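Protein chains in written order, with our numbering: chain R, 119 to 290; chain A, 108 to 268; chain U, 26 to 368; chain G, 2 to 211; chain E, 116 to 493. Don't be surprised by glycine CBs; every beta carbon is placed ideally from N, CA and C. Since we're looking at a predicted model, the values are computed, not measured. Structure first, commentary second.
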Amino acid sequence: MGMLDKKYHDSNIIIVGLESALNWARKNSLWYEQFGLACCAIEMMATAASRYDFDRFGIIPRSSPRQADVMIVAGTVTMKMASRIERLYEQMSEPRYVISMGSCSNCGGPYWEHGYHVLKGVDKVIPVDVYVPGCPPRPEALLEGFLKLQEKITGETIIFKKNEADKKPETA
Amino acid sequence: MKKPEEILEYLNQKFGEDQLTLERGDIGEPWILVPASMIRDLSKFLRDDSELRFDMLMCLSGLHYLKEEELGVVYHLHSTKLDHYVTLKVRVPVEEPEVPSVESIWKTADWHEREAWDMVGVVFDKHPNLKRILLPDDWIGHPLRKDYVQQEFYQGIPTGE
Amino acid sequence: MIEGFINNLPMITILVHAAIPLTIILVYALVAIWGERKIAGFIQDRLGPMRVGGWHGWAQSIADLLKLIQKEDILPKDASRFLFRFAPFMMFAASYAAFAVIPFSSSYIGSNINIGVFYLLAVTSVLTLSVIMAGWASNNKWSLLGGMRSAAQMVSYEVPTIATVLTVIVVSGSLNLMTVTEMQSGNDILGFLPNWFIFQNPFLIVAFIIFFISILAESHRVPFDLPESESELVAGYQTEYSGMRWAMFMLAEYADMLLLSLLGAVLFFGGWNSPFGEFMGGPAWGFFWFMLKGLLLVFVMMWIRWTLPRYRVDQLMHICWSILIPLSFINLVLVALWEVIFN
Amino acid sequence: MLNTVKEGWTTFKSIFTGMGVTMRHLFGPSVTLQYPDEKMELPKGARAKLYVNIDDCIGCNLCARACPVNCIDIETVAATSDVDLGKTSTGNPKRFWLTRFNIDMAKCMYCDLCVYPCPTDCIYMVPEYEYSEFDRSGLVYHFSNLKPEMVAEVKEKAEKEAAEKKRQKEEMMRKKAEEKKRKELEKQKLEANKSIKEDDSSSKPENNDS
Amino acid sequence: MVEILDNIDQREMVINMGPQHPSTHGVLRLELVLDGEIIKKVTPNIGYLHRCFEKYAEQMDDYSKVIPYTDRMDYVSAINQEHGYVLAMERLLEIDVPERVEYIRVIMAELQRIASHLLGIGAFGLDLGAFTPFLYCFTEREKILDIFERTTGARLLYNYMAVGGLMKDVHPEFKTDTADFLKTFRPKIKELNDLLSYNDIFIKRTANIGVLPKQVAINYGASGPVLRGSGVQWDLRKNDPYSIYEKFDFEIPVGMGEMGTLGDCWDRYIVRVREMEQSLRIIEQALDGLPEEGDVTEAVPKRIRPKNGSIYTRSESPRGELGYYIESNNSASPYRVKARAPSFVHLGMLPAISKGSLIADLVAIVGSIDIVLGEVDR
């Protein structure tokens with residue numbers, strides 16, 4: 119299926135070319151923020167290590183939020199840490215994504231019932247793009263989470279700006 | 108290598124007969140019940156006496172006894188030189204949970220006591236900076252109390268489901 | 026042919042002379058960033074970029090560049106606006122301007138001025154300025170620390186660099202890099218060795234070692250990468266930069282690395298002279314040999330980066346002031362003595 | 002002067018040994034498993050995702066009780082006597098309709114505590130780990146295969162059955178109560194005449210207690 | 116001259132080595148009061164990963180449901196956390212465990228110790244800028260995780276031990292896998308030594324830094340590699356033997372101050388490297404002595420309802436002395452479970468060790484005491 123006969127309803131070919139190139143670039147160089155919270159951080163490090171190797175996908179750790187595109191929330195977000203996570207998310211420069219890794223950051227996980235100090239799901243403070251289940255998720259599961267995020271990025275268009283409305287954190 | 112009973116006798120000679128009692132649950136190891144006011148000089152003696160030399164405070168834990176309305180603090184001591192163990196327990200009523208701090212004797216007690224204050228609410232007087240260590244400073248209540256009710260919101264973030 | 030072209034269209038020639046090193050730097054930067062990640066990968070038994078753009082992820086740097094263009098350009102609230110914006114461009118301008126005097130091949134050199142080395146060292150010292158500017162302007166404690174550290178490091182490592190370059194000038198007698206290279210053509214040392222400076226004089230080998238250590242420090246490479254050491258200062262002076270501004274810093278860093286490696290190639294390894302004398306000696310081959318020697322030095326820098334831990338600031342200063350500088354001055358004297366005795 | 006040279010020499014020697022190690026690894030084989038193309042085959046019993054074979058489930062709720070996180074939510078409706086749900090593969094008779102069997106994989110902590118108590122081994126871990134979602138509600142897995150109208154019909158039949166059984170129980174209760182009353186009456190009568198008999202027997206000595 | 120200095124505003128710079136920092140091994144905030152780069156005062160702020168373990172242990176309605184939560188305390192050495200809890204429960208209930216279970220537990224605990232030390236050493240090298248040893252250590256660690264995954268089914272948090280036995284028996288090829296891991300791992304330690312331990316830059320960065328004298332270590336209740344780094348010959352597997360450790364002969368590596376003063380970062384690091392070799396020796400002896408037959412789940416009680424009483428048991432986790440204080444009150448759910456975490460105690464020592472050092476040294480000290488925040492905050 120050649121470039122020209124891509125059927126997009128109201129965007130013409132020129133935009134499609136540029137848009138797919140931009141999406142391709144954003145998809146293939148997702149730099150994640152080098153910080154981990156708990157056990158999922160160990161599996162994140164194992165994914166960055168030689169056997170599963172994040173670098174094959176062009177994913178490298180960046181220690182400053184300014185240069186990071188993806189924030190992997192790897193571990194339990196506690197009440198004390200919630201405001202820090204929110205601030206870190208705001209410091210990241212704009213085309214930014216969030217991968218919630220592990221049951222704890224998905225919805226409080228093993229600590230949802232009596233964990234008074236645990237935040238029940240990181241999507242209460244920041245909008246989340248991909249939820250990776252597991253406690254801790256295998257490195258391949260995290261890589262699959264990244265592939266899903268890459269799918270989502272290819273679907274984004276610059277015409278209807280990714281409106282912040284639908285990505286607002288849904289307060290419970 | 109002294110057994111807890113021998114240690115108790117040795118202490119009784121020093122501190123008078125009626126103060127300390129050796130208690131034993133149905134299972135597990137015995138402990139010496141110590142009145143709160145005495146704990147600091149008893150600990151000083153336990154550490155410095157040549158017979159005992161308890162130089163390591165292994166663990167200090169705070170407890171809440173709901174039925175008896177009391178707060179407990181358990182000290183597990185160990186002597187690396189003479190290799191014997193002792194467990195001290197202090198019980199104070201919930202209304203005035205005052206326990207003298209042993210931080211000056213064993214440095215490790217500093218953080219353990221702050222955690223006991225944070226979790227159970229035992230006030231250790233003459234502790235250098237008795238602040239919350241695990242929970243944020245503006246947290247309400249002491250979570251490990253049996254009758255603890257979790258606050259609904261913390262700085263606007265819902266703590267519930 | 027080229028001279029005729031130059032005389033009657035001065036504007037165009039300036040643009041051409043500006044464009045050639047720029048393309049070399051840009052192409053080199055993209056390839057070097059991809060190369061560094063591949064070398065890092067293979068050293069660590071993994072593969073490095075694989076999936077971006079087909080065979081062994083050759084398009085990885087292009088994807089990074091295109092993504093960095095789309096990034097939001099954050100200007101911290103009370104950072105000093107002008108200095109914050111200007112720092113990365115000044116840094117790149119400094120190392121880019123120095124490419125003017127590098128003799129790429131026997132027939133091409135930016136400007137054949139006879140104070141080439143002097144100009145090069147003068148211009149590269151502007152780098153220190155831009156790093157301090159970035160560190161102070163971003164109004165972030167981490168970057169301030171990073172800026173101060175890099176100021177101390179770069180200024181103090183200029184001295185051994187200049188001392189070792191001086192030893193070569195003592196041997197070559199001229200500051201013009203083109204003549205320096207021409208003096209190293211032919212190969213009649215011990216019969217087969219090309220008479221590059223490094224073989225002409227045993228003390229020049231010591232000079233090269235000191236030179237290589239100090240250009241490692243000049244271009245913030247491990248074991249001297251204090252200013253942007255991730256594990257201590259979050260990201261050093263680059264902490265507050267994002268998007269293309271940060272990309273400019275990366276470009277400047279790689280350009281500086283290439284510049285100093287090429288300088289090392291010119292001074293010690295005979296620039297564009299081929300190691301086999303006349304066999305592959307033409308101007309085109311000259312460019313190939315020259316870039317090969319430069320990239321070999323760059324490879325050794327990358328190899329060191331993925332092996333060694335990082336020095337502490339005061340150890341770094343100790344090495345520079347109490348080991349490298351005295352050694353390089355003694356070496357200068359010894360080289361001079363050797364020259365007097367033997368030629 | 003001499004020890005700086007010696008110190009310099011040890012520095013260089015250790016740096017070069019280190020670089021030797023990395024050079025060997027540079028040309029060594031890579032240990033990378035290229036994930037999307039080559040996938041590692043998980044060992045048997047790898048704890049990646051919970052699966053319930055709903056036909057074998059007898060609704061005994063043991064797994065829900067064993068779960069420390071309470072992420073298994075089972076709702077069962079007693080099967081009415083006229084319907085026979087048959088047996089599970091392991092021979093246990095099935096007596097409950099399973100109207101709702103949800104496992105919230107976002108909460109689950111993959112601790113395997115629910116797999117052991119299951120009498121019919123119908124809940125176990127499958128080695129399938131690629132199920133990340135865009136939306137968290139996608140992580141709640143519904144294993145019951147009753148369609149909503151089936152669920153409604155079964156529930157309503159169960160209520161009818163329960164109501165009818167309650168009625169029967171009330172009748173039985175009433176009957177039992179009457180019998181008890183009648184028995185008491187007889188007992189009282191018996192005691193009345195027994196006490197009379199005792200008066201005249203007490204004069205004789207007790208000779209029959211062994 | 117003096118009075119001019121007075122009115123100069125000499126405010127030190129207060130920096131937050133905040134919850135998000137590449138070298139704080141997780142969510143730990145260090146408030147540094149800096150004079151230039153020299154640290155005047157460090158106050159560690161913890162609690163960013165407080166996951167209410169003790170409250171959860173009280174809410175569980177069965178003693179064996181607490182075991183998955185003990186895994187999540189020190190998530191880098193999960194087997195040793197379970198081992199500690201299970202030992203405490205068995206002493207409380209006076210259950211004696213079959214021989215085969217004890218051997219399997221020791222082999223798994225020592226394998227987990229090697230994996231945990233590999234991560235500690237790798238992260239320590241990463242903090243000092245050496246990126247490659249971190250990845251070599253992880254490659255070896257993956258092999259251990261494979262062995263664990265084939266037996267228990269999980270990679271990091273196993274929930275493999277039960278009170279009185281194990282959840283299920285080991286994988287058929289458990290012995291052969293472990294045997295050839297031992298063979299391939301020994302040369303790798305030598306390679307690590309060449310690359311990092313005896314690298315002169317590494318020695319310059321770690322010798323004479325963060326010196327912890329013997330008496331201060333004991334007074335602060337230090338244990339494990341941190342205490343042994345200061346020259347104290349103290350290892351619970353030898354001095355207070357639990358399980359079947361007295362059957363194996365192995366030495367306790369102790370810091371000798373080869374590269375600098377006794378008790379500096381380098382000593383603590385080299386103690387961990389040598390401890391890995393000792394663990395290899397223990398695993399070899401345990402593999403030979405592993406009894407073939409014996410059901411691992413025979414001594415697991417159906418219902419656990421201990422009468423009221425309390426027990427304190429300590430075991431040697433890779434980070435130090437891990438203690439469990441369990442109080443039971445004649446019901447199925449524990450009345451109080453207090454975990455004494457070694458990293459919590461070692462982090463308490465940080466202000467005392469790192470006064471007057473530089474930021475780069477503080478990073479080295481935090482790396483050398485090898486803390487895991489899950490265990491610090493519980």
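Reduced DSSP category for residue i - H, G, I as helix; E, B as strand; rest coil
| i | result |
| --- | --- |
| residue 157/R | helix |
| residue 103/G | strand |
| residue 364/U | helix |
| residue 72/G | coil |
| residue 305/U | coil |
| residue 292/U | helix |
| residue 429/E | strand |
| residue 376/E | coil |
| residue 254/A | coil |
| residue 277/E | strand |
| residue 443/E | strand |
Partners in chain A for residue i, counting only beta-carbon separations shorter than 8 angstroms
| i | result |
| --- | --- |
| residue 161/E | 240 and 241 |
Opening and closing residue of the beta strand (DSSP E) in which residue i lies
| i | result |
| --- | --- |
| residue 325/E | From DSSP, residue 325/E is part of no beta strand (DSSP E); its letter is neither H nor E. |
| residue 197/A | 192-200 |
| residue 160/E | 153-160 |
| residue 130/A | 128-130 |
| residue 168/A | 163-172 |
| residue 371/E | Premise fails: residue 371/E is in no beta strand (DSSP E) and is neither H nor E. |
| residue 179/A | 177-185 |
| residue 155/A | No beta strand (DSSP E) holds residue 155/A; the alpha helix (DSSP H) holding it covers 146-155. |
| residue 140/A | 138-140 |
Partners in chain G for residue i, counting only beta-carbon separations shorter than 8 angstroms
| i | result |
| --- | --- |
| residue 241/R | 137 |
Nearest neighbour of residue i, chosen from the options [CA to CA]
| i | options | result |
| --- | --- | --- |
| residue 44/G | 313/E, 392/E, 287/E and 416/E | 287/E |
| residue 151/E | 171/U, 332/U and 81/U | 171/U |
| residue 138/E | 492/E, 493/E, 480/E and 490/E | 480/E |
| residue 130/A | 229/A, 194/A and 222/A | 194/A |
| residue 328/U | 54/U, 67/U and 45/U | 67/U |
| residue 376/E | 323/E, 337/E and 452/E | 323/E |
| residue 422/E | 361/E, 442/E and 242/E | 442/E |
| residue 240/R | 107/G, 73/G and 115/G | 107/G |
| residue 473/E | 265/E, 157/E and 141/E | 157/E |
Beta-bridge pairing of residue i - partner residues as DSSP gives them
| i | result |
| --- | --- |
| residue 188/R | 150/R and 215/R |
| residue 145/E | 132/E and 159/E |
| residue 83/G | According to DSSP, residue 83/G bridges with nothing at all. |
7 angstroms Cβ cut-off: residues of chain G touching residue i
| i | result |
| --- | --- |
| residue 310/E | 19 and 22 |
Chain-ordered neighbours of residue i on chain U, where CB pairs are closer than 8 angstroms
| i | result |
| --- | --- |
| residue 26/G | 67, 68, 69 and 70 |
Boundaries (first-last residue) of the alpha helix (DSSP H) holding residue i
| i | result |
| --- | --- |
| residue 217/E | 214-242 |
| residue 10/G | 3-28 |
| residue 244/U | Looking at the DSSP string, residue 244/U is not in any alpha helix (DSSP H), and its letter there is neither H nor E. |
Under 7 angstroms by beta carbon: chain E residues contacting residue i
| i | result |
| --- | --- |
| residue 111/G | 269 |
Cross-chain neighbours of residue i in chain R, by beta carbon under 7 angstroms
| i | result |
| --- | --- |
| residue 166/U | Within chain R, no residue comes near residue 166/U; the closest Cβ sits about 13 angstroms away, beyond 7 angstroms. |
Cross-chain neighbours of residue i in chain G, by beta carbon under 9 angstroms
| i | result |
| --- | --- |
| residue 259/R | 49, 130, 131, 132 and 133 |
Chain-ordered chain U contacts of residue i [CB-CB under 9 angstroms]
| i | result |
| --- | --- |
| residue 16/G | 248, 329, 332 and 333 |
Partners in chain R for residue i, counting only beta-carbon separations shorter than 8 angstroms
| i | result |
| --- | --- |
| residue 253/E | 163, 164, 167, 168 and 169 |
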